[in-house]
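In full-length UniProt numbering, the protein residues as written are 1 to 785.
Structure, as structure tokens:
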């Protein structure tokens with residue numbers, strides 16, 4: 001069935017009348033909520049003011065203590081219930097405030113099997129119920145029946161409900177664009193969400209935030225969103241194919257379906273950078289859900305390593321590699337440390353590590369409780385059949401026992417009593433009261449000595465507190481020394497692909513960095529991976545679902561670590577092999593190791609690209625192998641433009657002129673992308689000299705705002721802009737396979753317009769594209785307009 005515009009349709013006025021009815025009901029509900037919230041807020045304030053009035057504090061006996069405890073807990077529970085009511089009202093209010101201007105986006109008419117009449121079902125971002133008539137005016141897009149809208153053709157249809165499969169007939173599928181409570185457009189559609197509605201959504205200007213796509217979810221995206229069975233899901237697809245959007249809508253769907261059993265704090269989204277975290281932060285709140293937990297993988301590494309090392313930022317690593325080049329010794333070292341071969345080396349090393357375990361001594365104020373040799377002897381005395389983490393845990397218990405003995409035996413030692421002499425009078429009075437009480441229980445006790453002993457133990461407890469933490473956190477195991485030992489031993493045994501001198505130099509550089517208390521980013525994952533195998537993994541039990549974006553940039557070892565950190569969690573991974581901007585080897589998305597690491601892995605491929613115009617997709621898809629499989633959405637635009645400048649100054653003139661054209665066309669988000677941060681910094685100065693108002697983005701950027709931004713390509717991953725200008729798209733900058741993927745990533749950030757400037761000969765990856773897919777322009781003509 002073709003999509004049919006309905007501007008003159010006789011049902012337009014009837015549908016607008018229904019919109020008016022729903023909007024009026026929503027406004028009434030908002031007014032009611034406002035009154036409810038004011039009342040509950042007043043109750044909370046009053047309750048907090050008089051919280052202790054109804055609680056009698058009595059600690060005289062155990063029974064009194066228990067009674068006091070339960071009285072306080074009861075008061076806290078009453079307060080907590082009222083605070084939850086208030087928060088739920090706030091959440092409902094926010095959802096309604098978003099929904100009231102566009103109460104729904106679709107209607108289906110569904111006749112249940114055995115029924116004579118069809119039931120009209122209106123679908124929106126959240127359900128809305130008529131309390132008086134006890135009927136739903138709007139159904140949540142995640143409700144079981146709403147799946148018919150996304151999946152079914154007019155005719156026989158079914159959907160899965162909690163009680164089983166429900167069958168019937170779909171008689172109508174209608175789509176709406178509603179703004180400010182007024183229908184702007186209305187279409188009847190067939191199998192897929194109508195192209196008119198999708199075109200309307202895609203043609204709008206970007207406002208520096210990702211938004212929900214529930215009105216335009218495509219059938220293949222809906223499969224991913226509603227998959228509640230796969231323990232592991234890998235979604236691959238071209239730039240702009242909706243992978244991240246589908247994943248966020250998937251999170252919203254799972255939170256809806258498992259409400260009461262799953263909450264936002266139990267889902268974790270690994271983002272490529274803090275900027276992207278801000279970019280997607282509006283999607284779930286638009287759907288009435290709390291934002292799920294977000295972090296970068298770097299955040300997790302640093303949190304797990306604590307203050308043991310300063311870990312290099314991944315973007316500093318990227319700059320280091322871009323400067324050194326794809327075939328440099330440094331790049332080969334990074335690829336090796338991310339490889340399965342290195343992971344296997346670590347596994348073999350740890351398997352034979354027991355006789356070579358290294359430990360720190362345990363010291364208190366310079367006094368030895370256990371030398372490193374003592375600790376090694378404790379370890380050697382444990383059962384060798386046990387796994388390393390269990391043996392280490394037994395050593396920990398023995399060391400804690402020694403600390404308790406030390407506290408007991410040293411309490412009256414002269415060096416401790418010197419510290420006792422400096423304690424305040426209140427400490428003495430407290431110890432004397434305790435000593436007197438013990439004297440009554442043991443008449444032969446020397447009361448004065450007992451008081452000094454108690455004070456000595458108090459001093460020692462304070463001294464031992466950091467030592468206990470040191471032991472309990474297993475920091476007495478010298479994992480850094482063992483990681484170092486591997487490189488010291490391996491320095492004379494280069495792996496395949498390394499010259500002996502290059503390998504030795506790489507090992508020495510790794511050791512030098514560790515001597516200075518830092519870890520290169522490529523060392524952080526293997527080091528933590530080894531450490532987890534020795535000490536035991538720190539399982540993050542509260543997290544039940546993990547989402548990993550840009551998974552093509554993760555090494556197999558990094559994914560192993562994620563699996564280790566979240567062994568009981570379901571996982572959704574999103575990636576595009578053509579946008580690999582990390583130095584790791586390509587192919588992780590097709591690797592059999594991925595299926596072994598995540599049993600039950602389901603793979604889904606998105607074939608169509610929606611972000612960019614047809615002209616941009618036809619140009620960019622030729623840059624990548626297999627790009628002919630990328631299907632553009634038929635949204636028309638202008639050809640990408642290429643200008644070849646003779647100097648950086650002329651390049652800046654061209655960019656400034658193009659940015660002016662973008663502004664005149666109403667583009668809200670405009671990006672000038674460079675290969676490196678240094679290049680971006682230099683370009684910022686030149687553009688500011690030409691009066692361009694802009695914002696420089698670097699690794700510290702945490703938000704994206706409308707206007708002009710200048711940033712290196714790798715910081716723009718996952719983000720889209722109305723107009724993109726790629727600076728210095730020259731052969732010198734983009735000629736290797738790795739640089740081709742950077743170039744592709746940069747160009748596919750553009751929604752409506754793409755421009756490129758090359759200082760000197762353009763990149764061969766641009767020149768290789770058919771001449772009818774882009775337009776060459778004279779820079780002199782551009783800068784003089």
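Think of the CB as a built atom: it goes at the ideal place given N, C-alpha and C, for glycine as much as any other residue.
Cβ-based burial, residue 15 [other Cβ within 10 Å; buried from 16]: For this step, residue 15 is matched to residue 15 along the chain shown. Buried is the call here.
Any heavy atom of the ligand GTP inside 7 Å of the beta-carbon of residue 498? Within the structure as shown, the ligand GTP is missing, as the structure has no ligands at all.
In the DSSP assignment, the beta strand (DSSP E) including residue 235 goes from what residue to what residue? Mapped onto the chain shown, residue 235 falls at position 235. Where residue 235 is concerned, the enclosing beta strand (DSSP E) stretches over 232 to 237.
Assuming residue 558 is part of the alpha helix (DSSP H), what are its boundary residues? Start at 1 with the first residue of the chain shown, and residue 558 comes out as number 558. Residue 558 -> alpha helix (DSSP H) spans 556 to 565.
For residue 224 and residue 604, the rounded distance between their alpha carbons: As a working mapping, residue 604 is identified with position 604 in the chain shown. As a working mapping, residue 224 is identified with position 224 in the chain shown. Distance between the alpha carbons of residue 604 and residue 224 is about 8 Å.
For residue 309, which residues in the same chain have their Cβ closer than 7 Å to its Cβ, ignoring the five residues on either side in sequence? Here residue 309 refers to the residue found at position 309 when the chain shown is read from its first residue. So the qualifying residues of the chain are 517, 518 and 519.
Please determine, among 101, 232 and 148, the residue with the shortest C-alpha to C-alpha distance to residue 177. Here residue 177 refers to the residue found at position 177 of the chain shown. Checking every option, the nearest Cα to that of residue 177 belongs to 101.
CA-CA distance, residue 663 and residue 211? For the purposes of this step, residue 663 is identified with residue 663 of the chain shown, where counting begins at 1. For the purposes of this step, residue 211 is identified with residue 211 of the chain shown, where counting begins at 1. Distance between the alpha carbons of residue 663 and residue 211: 22 Å.
Could you check what DSSP says for residue 723 in three-state terms: helix, strand or coil? The sequence position of residue 723 within the chain shown is 723, counting from 1. In the structure shown, residue 723 sits in a strand (DSSP, three-state: E or B).
Pull up the distance between the alpha-carbon of residue 541 and that of residue 268, whole angstroms please. Along the chain shown, read from residue 1 onward, the residue named residue 541 stands at position 541. Along the chain shown, read from residue 1 onward, the residue named residue 268 stands at position 268. Computed Cα separation, rounded: 12 Å.
Sequence-distant residues of its chain with Cβ nearer than 8 Å to residue 97 (five each side left out): Sequence index remark: in the chain shown, residue 97 carries index 97 (1-based). Excluding sequence neighbours, residue 97 sits near 30.
Under the rule that 16 or more other beta-carbon atoms within 10 Å means buried, what is residue 422, buried or exposed? Taking the first residue of the chain shown as 1, we reach residue 422 at position 422. Counting of Cβ neighbours within 10 angstroms places residue 422 among the exposed residues, the total staying below 16.
Quick check on this structure: which residue in 469, 264 and 470 has the alpha carbon closest to the alpha carbon of residue 547? Position 547 of the chain shown, counted from the start, is the residue given in the question as residue 547. The candidate whose alpha carbon is nearest that of residue 547 is 264.
For residue 793, does the three-state DSSP call read helix, strand or coil? Nothing in the structure corresponds to residue 793, since the chain is present only between 1 and 785.
Please classify residue 191: does DSSP put it in a helix, a strand, or coil? As a first step, residue 191 is located in the chain shown; it is residue number 191 there, counting from the start. For residue 191, the predicted model reports a pLDDT of 48, less than 50, meaning its position is unreliable; a value from the coordinates is still stated below. Three-state DSSP puts residue 191 in coil, outside helix and strand.
Would residue 727 and residue 754 be called neighbours here (beta carbons separated by less than 8 Å)? Here residue 727 refers to the residue found at position 727 when the chain shown is read from its first residue. Here residue 754 refers to the residue found at position 754 when the chain shown is read from its first residue. Against a cut-off of 8 Å, the Cβ pair of residue 754 and residue 727 comes out as no contact.
Own chain, CB closer than 8 Å to residue 511, minus 5 neighbours either side, in chain order: By one-based count along the chain shown, residue 511 stands at place 511. Answer for residue 511: 484, 487 and 488, listed in chain order.
Here's the rule I'm using: 16 or more other beta-carbon atoms within 10 Å means buried, otherwise exposed. How should residue 635 be labelled? Start at 1 with the first residue of the chain shown, and residue 635 comes out as number 635. Buried, by the Cβ-count rule.
Tell me which residues share the same chain as residue 575 and place their Cβ nearer than 7 Å to its Cβ, disregarding the 5 neighbours each side in the sequence. Counted from its first residue, the chain shown places residue 575 at position 575. These residues qualify, in order along the chain: 236, 550, 551, 552 and 589.
Within 10 angstroms of its Cβ, does residue 493 collect 16 or more other Cβ (buried), or is it exposed? As a working mapping, residue 493 is identified with position 493 in the chain shown. Exposed: under 16 other Cβ atoms inside 10 Å.
Can you check whether the CB of residue 725 is closer than 8 Å to the CB of residue 658? Here residue 658 corresponds to residue number 658 of the chain shown, with the count starting at 1. Here residue 725 corresponds to residue number 725 of the chain shown, with the count starting at 1. Yes.
So is residue 415 buried or exposed if we call it buried at 16+ other beta carbons inside 10 Å? The sequence position of residue 415 within the chain shown is 415, counting from 1. Exposed.
At the level of alpha carbons, what is the spacing between residue 436 and residue 453? As a working mapping, residue 436 is identified with position 436 in the chain shown. As a working mapping, residue 453 is identified with position 453 in the chain shown. Near 13 Å, if we compare the C-alpha coordinates of residue 453 and residue 436.
Evaluate contact between the region 705 to 721 and the region 270 to 288, counting only Cβ atoms and requiring at least three cross-stretch pairs below 8 Å. yes
Whole alpha helix (DSSP H) runs in the region 432 to 470 with 4 or more residues, listed along the chain? As far as the region 432 to 470 is concerned, it has no whole alpha helix (DSSP H) run of at least 4 residues.
Name the residue from 567, 130 and 463 whose alpha carbon lies nearest to the alpha carbon of residue 22. Mapped onto the chain shown, residue 22 falls at position 22. Out of 567, 130 and 463, 130 has the C-alpha closest to the C-alpha of residue 22.
Sub-8 Å separation of residue 686 and residue 648 beta-carbons: On the chain shown, residue 686 is found 686 positions in, with the first residue counted as 1. On the chain shown, residue 648 is found 648 positions in, with the first residue counted as 1. Contact flag set, yes.
Count the CB pairs spanning the region 519 to 539 and the region 490 to 507 that are closer than 8 Å, and state whether there are at least three. Segments in contact, no.
Under the three-state DSSP convention, the category residue 300 falls into: Indexing the chain shown from 1 puts residue 300 at position 300. It is helical.
Would you mind working out which of 778, 571 and 749 sits nearest residue 757, comparing C-alpha positions? Translated into the one-based positions of the chain shown, residue 757 becomes position 757. Nearest C-alpha to residue 757: 778.
Assigned exposure category for residue 479 - 16 Cβ within 10 Å defines buried: For this step, residue 479 is matched to residue 479 along the chain shown. Classification for residue 479: buried.
Using a Cβ-Cβ cut-off of 7 Å (strictly less than) and excluding sequence neighbours within five positions of residue 27, which residues of its own chain qualify? What you label residue 27 is simply residue 27 of the chain shown in a count that begins at 1. Only residues of its own chain outside the window of five on either side were considered, and among them 100 have a CB closer than 7 Å to the CB of residue 27, listed in chain order.
Under three-state DSSP, which class holds residue 248? Translated into the one-based positions of the chain shown, residue 248 becomes position 248. Reduced to three states, the DSSP call for residue 248 is helix.
Kindly provide the ranges of any beta strand (DSSP E) runs that are 3 or more residues long and lie completely inside the region 720 to 765, ordered along the chain. List check, beta strand (DSSP E) in window: 721 to 726 and 750 to 759.
Secondary structure at residue 597, three-state DSSP: helix, strand or coil? The sequence position of residue 597 within the chain shown is 597, counting from 1. In the three-state reduction of the DSSP assignment, residue 597 falls in the helix class, which pools H, G and I.
What does a CB cutoff of less than 7 Å around residue 698 pick up in its chain, not counting 5 residues either side in sequence? On the chain shown, residue 698 is found 698 positions in, with the first residue counted as 1. If we look at residue 698 and ignore the five residues flanking it on each side, its Cβ neighbours are 677.
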